[in-house]
Structure formats: C-alpha cells, structure tokens
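Peer 1:
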Amino acid sequence: MTDWSWLVPLPVVLPLSAAGLALALYRRPRLQRIVTLVTLTLVAAVSATLLVIADAGPVVVEVGDWAAPVGISLVADRLSALMLTVSSVVILCVLVYSLAQGREDGERFAPISIFHPTYLVLSAGVANAFLSGDLFNIYVGFEILLAASYVLITLSGTTERIRAGTIYVVVAILSSVLFLVAIAAIYAAVGTVNLAQLAIRLQEIDPGVRLVLQSMLLLAFGIKAAVFPLSSWLPDSYPTAPAPVTAVFAGLLTKVGVYAIIRTQTLLFPGGQLDDILLWVALATMLVGILGAVAQDDVKRLLSFTLVSHIGYMMFGIALGSVHGWTAAIYYVAHHITVQTALFLVVGLVERFGGTTSLDRLGGLAKMTPVLAVLFFVPAMNLGGIPPFSGFLGKVGLLEAGVEVGTPVAYALVAGSVVTSLLTLYALIKAWNKAFWQSPPEELPANRVPVMMVAPTAALVVFSLALTVFAGPLYAYTGRAAQTLQSRWPYIEAVLPDGQRGEGESQRAAEDATEDATEDTTEDAPQDAEVGG
Amino acid sequence: MSPNIVFVVTIGVLFTVGVYLVLERSLTRILLGIVLLGNGTNLLILVAGGAAGAPPIIGVASDRPMSDPLPQALILTAIVITLGLTAFLLAMAYRSWQLHRHDEVQDDVEDRRIVRLAARDERAFEDADTESDGETLDEEAATARDEMDEGGAFDDAPSEPPPPRTDHTHREEGR
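The listed protein sequences derive, respectively, from chains H and S. First residue of the first sequence: 1, per the UniProt record's numbering; consecutive thereafter. First residue of the second sequence: 1, per the UniProt record's numbering; consecutive thereafter.
And the structure:
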C-alpha cells in the first residue's frame, strides 16, 4: 500500500500558508477570494481522502521527524478524519455564502482583507486540534482557532460586537489558562504531553491524582464546548457576529471542545470515574438549554440556546461509556455540525430578507419566500428529531445505548432527551409559526436575497439530508471509530510502535550522540524538543 | 522531586492577584489579571519540569544532570500566545473606550431582563396579541451600564442617557 501519510499535515499547512498569501494580497480582493476558495476546496478533498485511508488504521506523521514522545505527532484516526471531513465541508459552504454576501454588501459586511486570512487561520486551527496527537499541540490548535475567532467575532468593531466579543474573549482566554494549568499538572505528574504515552503512563499513577487531572481537563474543555453550567457565555456572544461567522462558530467551535472531551475521556481516562457526574451534567445541559430556547423571542438567540441544549446529547453519549454510546455521540456530532450551521445560515438569509431576527417583528415569510421557508423547515425538523432525518437516527441511537446501559441515571437521561427533543420541536415550531405563518405586525422590507447565498445554504441542507440517506454506512463507520476508541491500542501502537518511542529521525540521532558524546562533541545532533507555536 | 518554594509562593501570589483582577469590571484590569495568570501558569510549567540543571544540549559534557527542555519550549509557545492575546485585548479595550467612553465588561443583558420580569411577575415571552415594548436585547445592551447600578436593577429606564457615539463607528478598516 502506498504511504499516504504526507496527506495528514495538509489540512493544517495549506490554510496557514494560504492565510499568509491572502494577507500579502490584501490589495487584490479578487485574488484573495480565489486563493481562499481553492485552498478550502483542496482541504475538503484531502479530508475526504483521509476519511477513506484512516478506515484502515490510524495514519501517523511525526512532524520534522522528531520521534514521538518528544516531537509533535499528527494522528488521523477514524474519529478525527470524520470530524475533519464534516468540518471542512461546512467551512467551504460558509465561505461560498460569505463570498456572495461580500459581493452584495461590499466592505460593509466585513473588511475582506482581514476576513479571508482570519477565516483560513480558523480552518487551520480547527484541523490542528482534530489531528493533533499531543496535548500541548491541541492547546496550540485551540489558541489558533480562538485567536482567529476573536478577530471574526469583533469584525469591523461595531458597538454590539465589541460588547458581546469582550465577554467571549475573556471567557475563552480563561478557559485556555485553565487548560494550560491542566497541562502543567499533567506534565508534573507523568512527564509527557504525548497522548499515546499519556494513555500508558496515566494508568500507572495514583487514582486520586488522575481524577484531579481528569476534572481539570474536563473543566477546560467544558467551557469551550459550552456544557452547563459553563455555557452561559455562548447565547449572549454568538448572535451578534455576522451571519456566516455565527454559523461557522455554532457549527464548529463547540464541537472542537466536544471532540477534545471524547478524545481525552476515551484515550487518557478509560474506566469512567466521572461518567455519573457527566450524565447529570448532560441532563442539566439539555434541559436548561432548551428551556432557555423556549423563552427566546429572537431566532438567533433561540438557535444559540438549542445549540447548548444539544451539546447535552453528545455529552450523554460520551458519558454512557459504551461503544454504542460513543457510536451515537460521534454520529450526532457530525449531524449537529451540519444542521446547526445550516439553520444559522438560513436565519442569516431571513435577516437579510426581513431586516430583523426578532420573532415579534417577523411574519408571513412562507408566502413571500417559499424557498427560505423550505430551507428553514427541513433542518428545523431535523434538529427536532422528526423521522426520517438524521437527528432522529442519532437520537434513537443514543436512546438505545442509554437503555442498554440500564442504570437509573441512564434512564433519567433517556427520559430527559425525549423531553428535550419535544421542547426543541416546540421552540422551533413556535419560531416557524411566528416568522413564517403569522401576519407581520409591520410590512417587512423584503430585500432581495442573492442566489449565490441561497445555493450554499441549500447545499448544506442537502448534505444534512445525505447524512440521513447514507446513515447506514456512516453509522457503521462511527461504530468502527468507537471500537477503535474503546480498544485504545490501535491508536497507541500507531504512535509508539514499540511502546517507547516513535519512528522519527531523532531517536537514532540521540542514540548516536550518546555513544559518541565523549569522543565527538562537535556532532550536530538535534536536541529532543517540542517545536511550538 | 520537591519544587523550589520561591517559585511555588510566587505562583500562588500571581494566581491570587490575577483572579482578583479578572473579577473586576474594567477590561483593562481584567487584561492585567490575565497577564498575571498567564505568567503564573508559565512558572507552573517550569516547576513541572523539575529542578534546573545543565543546558539541555547533547554533546556538551557536564557532570550535572540536564534540565528538561520540553517545558521551556512549552513556555516559549505560551508566552507568544499570551503576548498576542494581550495586544488584542488592549485593542478591544481601546475600541470600547472609543465607542462608549468606558471599557466595562457587562453582565448578560438577558439575565437582567429576566430578573426584572420576575420581579414584576410577568412572562418572559410576549405573544403577538399582547402588548410588547419590542425593544431587542441589542438595543437594551447599548445603553446599559453595570458599574453605575446601585441596587437599581429593577429600574426600567437607564439612569444615564446613551453615550454619544463617535463618528468612526463605521469607518472602514484594514484597507
């Protein structure tokens, strides 16, 4: 079999280089657009290829040929390849949407010279967090995407964006500090930050210390994933950003946190000491989130609250700690990224058409723009979990896994998720009635909505339908991914073939140097060090 | 491994002061708090790397044991990241001052609205056939101040007129 490992760094390297190029081309907006579009299309293609390759086993790249425990390794296993593929498709669709919006509005929507490089950096950060096989590099990936998101959420620095952005930035930085403290504590405890080596060494330390480390990581990732009670920053900060930015944030950023939770829970801390607490947290996230959504009279805020609520479903699947739970959770993540992004894009179109997102002021859209009505209705029903859509399939998977575990808490969660599903439906139907069916209190401006903005939204809706049509193969794939997660060893062995070191150049160099150290001090032996930043 | 007590005490002080400052309202003070927290964390990583030793370069003969190079690399990365974010937060604080003449980090406006509605014992959501003031949260947020609130959370009208907006609100940037 040919060695495809050179593909693995591309989703990080391509957007980062293109970001530099796009920044250099700041006087040529047209060229910038082409660069961004081509790069992100390439990334999507590479990710899809990785999805196929990783099915045969994790693909590992040791960056700069540094051997695994000290160097940075990038690992594409089934889970990360799937996340990467879904996110790159979403990123691409949102880019096309924002290109069309930029062409309509000119620089009013966003200074293009800044938007494109930042957007590429965001994409690189997301890919880096997904691919990283090293805890500190996950931190770096988070920082890359967060720094880009700070710029995007405060684009053009208007009053509301600065207000909402301040809270967002401060909370995100605090969670990063917490993550870094957790890394320091882990390094003090076991002396490594490589995930595969951590998976071996963390089993050998005192269970009490391990529990502390686990809770610290969960706390840091919980803020990023917006898990109740760490979620209150989200509904206030997301809605003020421009529509494409909100869409990509809602779809992706919290899911990177969820991914990090899945990765650390399964690989580093098997055995599930905190699973019961996580189940309660999942229940609270679902219910509090959806009750918040029911009370909203602004579509964007309503959707932000459903986002929080549905993070609860993923936590439910993760905390069940069984292969079936993880299978359903991973499938649910893929489904939710697509659907939530599609909904926010549609709401962006609605805002454009009607000039507002307040349910008190909207009305009669179903008659005026039937296309938007369909585009809103399909993902809304999907999110609410109406059969035969993918939301229904994911929820059924979670319910089955919950019943299979069969503890009282799991049954409470099963009941809770059914209630949440109903309330989601209620909230979305209410939004549908008010925005699309009631007669508007005042005449809406009925602005023209460009076709090129509708097209990518429709593409995402179709993609979410594809998750339903191809649910069989996809569910089988997430099942295999969950099995890899449970057995853990495929991942560890791929990174550390002999359980000690990776296969990089530096190991041989280090051995040579130790042998020759006394005779030949001038040898140019590379030191084992992590390259950051 | 027993860590250096001076480091441990310094880390404690940095974190204490940092947490105190982060709880302030003004973004500039929060920024200072974040800088202190970041530095405390960097020291923490250094302590996590164990005792200091000889320079970690293979081939330089030394009788002392080498110090661990990995935490140093991690700290360098973290410093760069903190520096970038500090610059960004400073820019945000300045922009906020430019727009509002203050750099306050507000409470969630909706929380305040819910508290007010609860005090009046009203529903949070008004139906179309009932009377609604129709003010969106964004409009409310533009005029709200938290530092000025002295137990006046239930007042309907803000005590201050909205701050004057400067004329560079929509100035084009980055061209």
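Where is the CB? At the ideal position from N, CA and C, for every residue including glycine. All values reported here derive from a predicted model rather than from experimental measurement.
Excluding five sequence neighbours on each side, which residues of the same chain lie with their C-beta closer than 8 Å to the C-beta of LEU174/H?
Peer 2: Within the first sequence, the letter at position 174 stands for residue 174/H. Only ILE223 meet the Cβ criterion.
Peer 1: Output needed for GLU150/S: all residues of its chain with C-beta closer than 6 Å, excluding positions within five of it in sequence on either side, in chain order.
Peer 2: Taking the second sequence and counting its residues from 1, the one referred to as residue 150/S is at position 150. With a pLDDT of 47 at GLU150/S, under the threshold of 50, the modelled position of this residue cannot be trusted; read the value that follows with caution. Excluding residues within five positions, none has a Cβ falling inside 6 Å.
Peer 1: Alpha carbon to alpha carbon, what distance is there between VAL323/H and TYR332/H?
Peer 2: Working through the first sequence from its first residue, we reach residue 332/H at position 332. Working through the first sequence from its first residue, we reach residue 323/H at position 323. Looking at the two C-alpha atoms, the distance is approximately 14 Å.
Peer 1: Pop quiz: ALA196/H and LEU496/H are said to be a contact at Cβ under 8 Å. What is the actual Cβ separation, rounded to whole angstroms?
Peer 2: The sequence position of residue 196/H within the first sequence is 196, counting from 1. The sequence position of residue 496/H within the first sequence is 496, counting from 1. Sure, about 5 Å apart at Cβ, within 8 Å.
Peer 1: Identify whether VAL61/H lies in helix, strand or coil by the three-state DSSP scheme.
Peer 2: Working through the first sequence from its first residue, we reach residue 61/H at position 61. Of the three classes helix, strand and coil, the one that applies to VAL61/H here is strand, per DSSP.
Peer 1: In chain S, what lies closer than 8 Å to VAL190/H by C-beta?
Peer 2: Start at 1 with the first residue of the first sequence, and residue 190/H comes out as number 190. Going along chain S, no residue has its Cβ under 8 Å from VAL190/H, so there is no contact; the nearest lies around 10 Å.
Peer 1: Beta carbon of THR468/H, beta carbon of SER390/H: below 9 Å?
Peer 2: The residue you call residue 468/H lines up with position 468 of the first sequence. The residue you call residue 390/H lines up with position 390 of the first sequence. It is a contact, given that the beta carbons lie within the stated cut-off.
Peer 1: Between the beta-carbon of ALA455/H and the beta-carbon of ALA100/H, is there less than 9 Å?
Peer 2: On the first sequence, position 455 is the one that residue 455/H refers to. On the first sequence, position 100 is the one that residue 100/H refers to. Taking 9 Å as the Cβ cut-off, ALA455/H and ALA100/H qualify as a contacting pair.
Peer 1: Beta strand (DSSP E) containing ALA76/H: first to last residue?
Peer 2: Against the first sequence, residue 76/H aligns to sequence position 76. 73-76 is the extent of the beta strand (DSSP E) around ALA76/H.
Peer 1: Go to VAL47/S, then tell me how far its alpha helix (DSSP H) extends in each direction, as first and last residue.
Peer 2: Stepping through the second sequence from its first residue, residue 47/S is reached at position 47. Run containing VAL47/S: 27-48, per the alpha helix (DSSP H) assignment.
Peer 1: Nearest-angstrom Cα distance between ALA466/H and PRO207/H?
Peer 2: If you number the first sequence from 1, residue 466/H lands on position 466. If you number the first sequence from 1, residue 207/H lands on position 207. Rounded to the nearest angstrom, the two C-alpha atoms are 44 Å apart.
Peer 1: Using only the alpha-carbon positions, how far apart do LEU383/H and LEU320/H sit?
Peer 2: Taking the first sequence and counting its residues from 1, the one referred to as residue 383/H is at position 383. Taking the first sequence and counting its residues from 1, the one referred to as residue 320/H is at position 320. Between LEU383/H and LEU320/H, the C-alpha separation is close to 22 Å.
Peer 1: Kindly confirm or deny that the segment 21-30 of chain H and the segment 116-129 of chain H touch, where touching means at least three C-beta pairs closer than 8 Å.
Peer 2: Verdict: yes, contact present.
Peer 1: Should ILE45/S be flagged as near chain H, meaning a C-beta pair shorter than 9 Å?
Peer 2: Counting from 1 along the second sequence, the entry for residue 45/S is found at position 45. Yes - at least one Cβ of chain H is within 9 Å of the one on ILE45/S.
Peer 1: Our contact map puts ILE45/S next to ILE75/S with C-beta atoms below 8 Å; I'd like the distance itself, whole angstroms only.
Peer 2: Residue numbering aside, residue 45/S sits at position 45 when the second sequence is read from its first letter. Residue numbering aside, residue 75/S sits at position 75 when the second sequence is read from its first letter. That pair is a contact at about 5 Å.
Peer 1: Looking at the C-beta of ASP63/S, does it have a partner C-beta in chain H at a distance below 9 Å?
Peer 2: Position 63 of the second sequence, counting from 1, holds the residue named residue 63/S. Output row for ASP63/S: interface = no.
Peer 1: Comparing the C-beta of THR28/S with each C-beta of chain H, is any distance below 9 Å?
Peer 2: In the second sequence, counting from the first residue as 1, residue 28/S sits at position 28. For THR28/S, the answer is no, since every Cβ of chain H falls outside 9 Å of its Cβ.
Peer 1: Could you tell me which residues DSSP pairs with GLU104/S in its beta bridges?
Peer 2: For the purposes of this step, residue 104/S is taken as residue 104 along the second sequence, with counting starting at 1. Bridge partners of GLU104/S: SER26/S.
Peer 1: Ordered along the chain, which non-local residues of its own chain (more than five positions away) have a Cβ less than 8 Å from that of VAL9/S?
Peer 2: To locate residue 9/S, count along the second sequence from 1; it is residue 9. Cβ within range, chain order: n/a, list empty.
Peer 1: Are the C-beta atoms of SER47/H and some chain S residue less than 9 Å apart?
Peer 2: For the purposes of this step, residue 47/H is taken as residue 47 along the first sequence, with counting starting at 1. No, because no Cβ of chain S sits closer than 9 Å to the Cβ of SER47/H.
Peer 1: Going by C-alpha distance, which of ALA494/H, ASP276/H, GLU351/H is nearest TYR411/H?
Peer 2: Reading the first sequence from its first residue, position 411 is the one you call residue 411/H. Comparing Cα positions, the closest option is ASP276/H.
Peer 1: Between the beta-carbon of ARG28/H and the beta-carbon of ALA54/H, is there less than 9 Å?
Peer 2: Numbered from its first residue, the first sequence carries residue 28/H at position 28. Numbered from its first residue, the first sequence carries residue 54/H at position 54. Cβ atoms of ARG28/H and ALA54/H: not closer than 9 Å.
Peer 1: Going by other Cβ atoms of all chains shown within 10 Å of its Cβ, with 16 needed for buried, is PHE7/S buried or exposed?
Peer 2: Within the second sequence, numbered from 1, the residue matching residue 7/S stands at position 7. PHE7/S is exposed by the Cβ-count criterion.
Peer 1: I need the straight-line Cα distance from PHE154/S to GLN296/H, nearest angstrom please.
Peer 2: By one-based count along the second sequence, residue 154/S stands at place 154. By one-based count along the first sequence, residue 296/H stands at place 296. At PHE154/S, the pLDDT of 44 sits below 50, so the modelled position is not reliable; the number obtained from the coordinates is stated separately. C-alpha separation (whole angstroms): 20 Å.
Peer 1: Classify ALA52/S as buried or exposed, calling it buried when 16 or more other Cβ atoms lie within 10 Å of its own Cβ.
Peer 2: Against the second sequence, residue 52/S aligns to sequence position 52. With fewer than 16 other Cβ atoms within 10 Å, it is exposed.
Peer 1: Can you list, in chain order, the residues of its chain with a C-beta nearer than 6 Å to that of SER132/H? Leave out the 5 residues immediately preceding and following it.
Peer 2: In the first sequence, counting from the first residue as 1, residue 132/H sits at position 132. These residues qualify, in order along the chain: ILE138, GLY141.
Peer 1: Could you tell me if ARG448/H is buried or exposed, where buried requires 16 or more neighbouring beta carbons within 10 angstroms of its beta carbon?
Peer 2: The residue labelled residue 448/H in the question sits at position 448 within the first sequence. With fewer than 16 Cβ atoms within 10 Å of its Cβ, ARG448/H is classed as exposed.
Peer 1: How would you list, in chain order, the residues of chain S whose beta-carbon sits under 7 Å from the beta-carbon of LEU180/H?
Peer 2: For the purposes of this step, residue 180/H is taken as residue 180 along the first sequence, with counting starting at 1. Ordered by position in chain S, the residues that pass the 7 Å Cβ test against LEU180/H are THR41, ALA78.
Peer 1: In its own chain, which residues sit with a C-beta less than 7 Å from the C-beta of SER62/S, not counting the 5 before and 5 after it?
Peer 2: Your numbering for residue 62/S matches position 62 in the second sequence. Contacts found: ALA54.
Peer 1: Exposed or buried, PHE392/H, counting other C-beta atoms within 10 Å across all chains shown (16 or more means buried)?
Peer 2: Sequence index remark: in the first sequence, residue 392/H carries index 392 (1-based). Result: buried.
Peer 1: For TYR150/H and ILE34/S, what's the separation of their Cα atoms in angstroms?
Peer 2: Counting from 1 along the first sequence, the entry for residue 150/H is found at position 150. Counting from 1 along the second sequence, the entry for residue 34/S is found at position 34. Using only the alpha carbons, I get a separation of about 16 Å.
Peer 1: In the DSSP output, what is ALA54/S paired with across the bridge?
Peer 2: In the second sequence, the residue the question calls residue 54/S occupies position 54. MET66/S.
Peer 1: State yes or no: is the C-beta of GLY40/S within less than 9 Å of the C-beta of PRO71/S?
Peer 2: Translated into the one-based positions of the second sequence, residue 40/S becomes position 40. Translated into the one-based positions of the second sequence, residue 71/S becomes position 71. Cβ distance not < 9 Å, so GLY40/S and PRO71/S don't count as in contact.
Peer 1: Which two residues bound the contiguous alpha helix (DSSP H) that contains TYR475/H?
Peer 2: The sequence position of residue 475/H within the first sequence is 475, counting from 1. 471-487 is the span of the alpha helix (DSSP H), which, as asked, contains TYR475/H.
Peer 1: Return no unless some Cβ of chain S is closer than 9 Å to the Cβ of PHE136/H.
Peer 2: Taking the first residue of the first sequence as position 1, residue 136/H is located at position 136. It does; some Cβ of chain S falls within 9 Å.
Peer 1: Let me confirm a value: ALA415/H is counted as buried when at least 16 other C-beta atoms fall within 10 Å, else exposed. Which label applies?
Peer 2: Residue numbering aside, residue 415/H sits at position 415 when the first sequence is read from its first letter. So ALA415/H ends up on the exposed side.
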